[in-house]
Every structure is written in C-alpha cells, then in structure tokens.
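Everything on this sheet refers to the single structure shown next.
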Amino acid sequence: DVTSDEFNRRHNYFRDSKKRQARLNSFSAVPQSATYGINQFSDLSPKQFRDLYLTGSATRVPHYSGLTPEN
Amino acid sequence: LPAKFDWRDKAVVAPVQNQQACGSCWAFGTVGAIQSVHAIGGFTLEQLSVQQVLDCSIQNSGCNGGSAVWALDWLKQTKVKLVPQSDYRYKAKTGICHYFSQSHDGVAVKNFTAHDFEGQEAAMMGELVQNGPLVAVVDAISWQDYLGGIIQHHCSSHRSNHAVLVVGYDATGHIPHWIVQNSWGTAWGDEGYVYIKIGSNVCGIADSVAAVFL
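Protein chains in written order, with the numbering used here: chain F, 2 to 72; chain R, 95 to 308.
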C-alpha cells in the first residue's frame with residue numbers, strides 16, 4: 002500500500018540500517034557476542050523506532066540496600 | 095545461588111507477546127511479572143490482561159508510554175484485580191477502562207519492591223530466584239538491529255526507555271548473562287528473547303528493577 006515516496010524513504014532507512022549493523026557487528030569478537038542484522042525494524046528510522054517502541058519510563062528508585070519489607 | 099536459573103524451566107513464564115505498534119512495553123512487563131508470580135504461587139499459568147493495565151492505569155499514557163513502577167503502584171493502591179486476557183483482550187490501542195466487580199476472577203497485587211541494583215547484580219540474581227521474574231527498564235536503542243547473542247557493548251546505562259521481563263540468568267559459560275523476555279514477538283531476537291551480560295549494568299538492566307508480591 003505504500004506510495005513510492007514512502008517506499009524510497011523506507012528503502013533508505015533499510016540501507017542505513019545495514020551500515021549501522023556492520024558497525025555494531027565490528028565489536029562482536031567472541032562467539033557468544035550479540036549479532037546485529039536485518040529484522041522487522043530495519044525499514045524504520047532510529048527516530049521512528051524510538052518513538053514507537055522505546056516508550057518505557059524509568060522511575061527513580063532507591064539503591065538496593067539488602068533490606069526489603071519482606072525480609 | 096545456582097550457576098544457572100531460568101523460570102521457564104518451571105513452566106511459569108507465558109509465551110512471548112507482541113505489543114505491535116503500541117508503546118505498551120511497560121504494561122507487558124508488569125503483567126508478565128504478575129502472571130508468573132501467580133503461577134509460582136501454585137496457580138495455573140494464565141495470561142492476564144495487558145489491555146486492562148493500558149486502559150485503566152491513568153497515571154501512565156497508554157500506548158504513548160508509561161512506567162512499570164507506576165502501574166504496580168496503581169495496582170497496589172487500588173487493589174484492582176487483573177482479569178484474564180480472555181476477558182479483556184489486547185487491541186494495541188489505548189481504550190476506555192472497563193471495570194469488573196471484585197467478585198470477578200482476577201489477580202491482585204499485594205506489594206512490590208523497586209530498586210536500583212547497579213553494582214549489585216548478584217543480589218538481583220538472588221531476588222530473581224527468591225521472588226520470580228523481575229520487571230526491568232533498559233536502554234534498548236541498539237535492539238533495533240539485534241538478532242541474537244549476548245549484548246556486551248553499545249548499550250548504555252542510566253538512559254532507560256524500554257520495559258522488559260527478566261526471567262533467568264546463566265553464569266555457566268564464558269559470559270554470564272541475563273535471560274530477558276521482550277514483547278516484540280517471536281520473530282525478534284532469539285525467539286523473542288535477548289541476552290545481556292551480567293556484571294556491568296549493560297543496557298541499564300539493573301537501574302530500575304521491580305519484584306511483585308501477590
């Protein structure tokens with residue numbers, strides 16, 4: 002359903018994602034290291050991804066002291 | 095502490111969910127912890143309503159985002175029972191809050207704790223083993239491209255933006271790591287899971303961690 006403008010935009014995001022993934026993978030030195038590549042988010046810009054999926058807020062919480070109400 | 099511990103082995107972790115195009119990670123994390131702790135208490139593992147938390151926890155902003163700690167605080171203060179998912183289905187849209195009578199089947203939150211475990215991830219492991227899966231808020235910017243493996247770099251602490259469910263850890267290999275359930279479907283990561291190195295607060299995994307008591 003996407004227009005050609007939208008298609009081109011997403012195609013550019015996809016191309017950018019491949020560069021980003023290559024950079025991220027350059028740090029993957031040991032066999033168990035994380036790998037990065039194409040997935041369902043590769044045609045989103047980082048901003049679109051952030052706005053849509055990274056919407057969790059961290060509430061300020063106390064440092065763990067070893068004591069909880071339960072123990 | 096055991097070198098490896100995974101609540102999935104006890105069949106108390108529900109399958110990976112997909113939040114779709116809705117910023118509801120905070121609700122998925124919250125509900126994931128509650129339903130697991132309920133199952134650990136001897137009840138049948140049952141999926142509870144994420145949509146109820148999304149619609150009714152008005153201190154949060156529905157699909158525009160929220161905080162798991164605020165959601166837990168709302169559940170504790172109001173004593174609202176979380177109803178089964180089958181009674182209040184997920185729509186990936188914020189909607190009007192539906193109310194159920196107190197006699198309706200559901201699970202209420204008695205208490206919760208929320209702590210910063212930075213520098214004390216061993217204590218966080220203890221909390222996980224003792225209480226059940228934990229809700230954590232992480233920096234997930236690099237997760238846009240994640241395929242699998244253990245994240246050790248490119249993930250900052252103190253910039254949290256995404257709520258997840260920590261279901262276990264594995265310290266038997268070269269890289270001890272957390273086992274984390276995400277809510278972006280099974281096509282993402284390792285069947286919906288991501289692994290994060292233990293010990294240096296990678297992705298801010300220890301910055302804000304909540305445990306639930308029912």
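Cβ atoms here follow ideal geometry from the backbone N, Cα and C, with glycine treated the same way. Since the model is a prediction, treat every value here as computed from it, not as a measurement.
{"Query": "Start-to-end residues for the alpha helix (DSSP H) that takes in GLN98/R", "Result": "The sequence as given places Lys at residue 98/R; Gln does not occur at that position. Here LYS98/R belongs to no alpha helix (DSSP H); instead the beta strand (DSSP E) covers 98-100."}
{"Query": "Chain R contacts from the region 42-63 of chain F (Cβ-Cβ distance under 9 Å)", "Result": "PHE42, SER43, LEU45, PRO47, PHE50, ARG51, ASP52, LEU53, TYR54, LEU55, THR56, GLY57, SER58, ALA59, THR60, ARG61, VAL62 and PRO63"}
{"Query": "Whole-angstrom C-beta distance between ASP210/R and VAL62/F, which should lie under 8 Å", "Result": "5 Å"}
{"Query": "GLU285/R classed as buried or exposed, judged by whether at least 16 other C-beta atoms fall within 10 angstroms", "Result": "exposed"}
{"Query": "Bridge partners - ILE128/R, DSSP secondary structure assignment", "Result": "None, per the DSSP bridge assignment."}
{"Query": "Where the beta strand (DSSP E) containing GLN224/R begins and where it ends", "Result": "Note, GLN224/R: premise wrong, no beta strand (DSSP E); alpha helix (DSSP H) at 215-225."}
{"Query": "Buried/exposed call for LYS173/R, threshold 16 Cβ in 10 Å", "Result": "exposed"}
{"Query": "DSSP state of LEU95/R mapped onto helix, strand, coil", "Result": "coil"}
{"Query": "GLY197/R versus PHE137/R, ALA230/R, LYS175/R and GLU140/R, residue with shortest Cα-Cα distance", "Result": "The question names Gly, but residue 197/R in the sequence shown is Ser. Checked all of PHE137/R, ALA230/R, LYS175/R and GLU140/R; the closest Cα to SER197/R is LYS175/R."}
{"Query": "Residue(s) in a DSSP beta bridge with PRO178/R", "Result": "LEU142/R"}
{"Query": "Chain F within 7 Å of ASN295/R, Cβ atoms only", "Result": "no"}
{"Query": "VAL306/R vs PHE206/R beta-carbon contact at 7 Å", "Result": "yes"}
{"Query": "Cβ-Cβ distance between ILE299/R and HIS271/R below 7 Å", "Result": "no"}
{"Query": "Chain R contact residues for VAL3/F, given Cβ-Cβ distances below 8 Å", "Result": "Residues of chain R passing the Cβ test: none, with the nearest at roughly 15 Å."}
{"Query": "Same chain, Cβ closer than 8 Å to ASP17/F, neighbours up to 5 away in sequence not counted", "Result": "SER46"}
{"Query": "Alpha-carbon spacing of HIS252/R relative to ASP301/R, whole angstroms", "Result": "7 Å"}
{"Query": "Bridge-paired residues (DSSP) for TYR193/R", "Result": "Note: TYR193/R sits in no beta bridge, so no partner."}
{"Query": "Beta-carbon gap between TYR184/R and GLN141/R smaller than 7 Å", "Result": "no"}
{"Query": "Proximity test, Cβ basis, 7 Å: HIS132/R and chain F", "Result": "no"}
{"Query": "Cα-Cα separation between GLY267/R and VAL203/R, rounded to whole angstroms", "Result": "36 Å"}
{"Query": "Sub-7 Å separation of VAL163/R and ALA304/R beta-carbons", "Result": "yes"}
{"Query": "Buried or exposed by the 16-neighbour rule on C-beta atoms within 10 Å, applied to GLU221/R", "Result": "buried"}
{"Query": "According to DSSP, residues forming a beta bridge with TYR37/F", "Result": "TYR240/R"}
{"Query": "DSSP three-state assignment for LYS291/R, whether helix, strand or coil", "Result": "strand"}
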